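Remarks on the structure that follows.
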Amino acid sequence: MGRDCLLSGGDDYELCFTAAAARQDEILAIGRRLNLNLSRIGCINESNGALSLLDAAGRPMSMERTGYDHFA
């Protein structure tokens, strides 16, 4: 599955979710117990409300598809 599809596709809530950074160890333990491979892929912080996609080096990346805009 391509990156744009993963980030802008349907409502697959098993694919991506958010959680407090302070609970990372607990969440990883749950993943191990359930035999799920979990990966941290980013963070949420204060901003102007815009979505920013950055690569591993922190450089901005473009997205071809943006999916449904819940705030439009």
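In terms of numbering that gives the first Met the number 0, the sequence shown opens at residue 0 and continues consecutively. Every residue gets a Cβ at the ideal spot worked out from N, C-alpha and C, and that includes glycine. Every value quoted in this text rests on a predicted model; they were computed, and no experiment measured them.
- The criterion of a C-beta distance shorter than 8 Å is not satisfied by S7 and R58.
- Taking the C-beta atoms as reference points, M60 is found nearer than 8 Å to L53.
- When the beta-carbon positions are compared, G48 and L37 stay at least 8 Å from each other.
- Under the DSSP definition of a beta bridge, L14 lacks any partner.
- The three-state reading of DSSP puts L6 in helix, counting H, G and I together.
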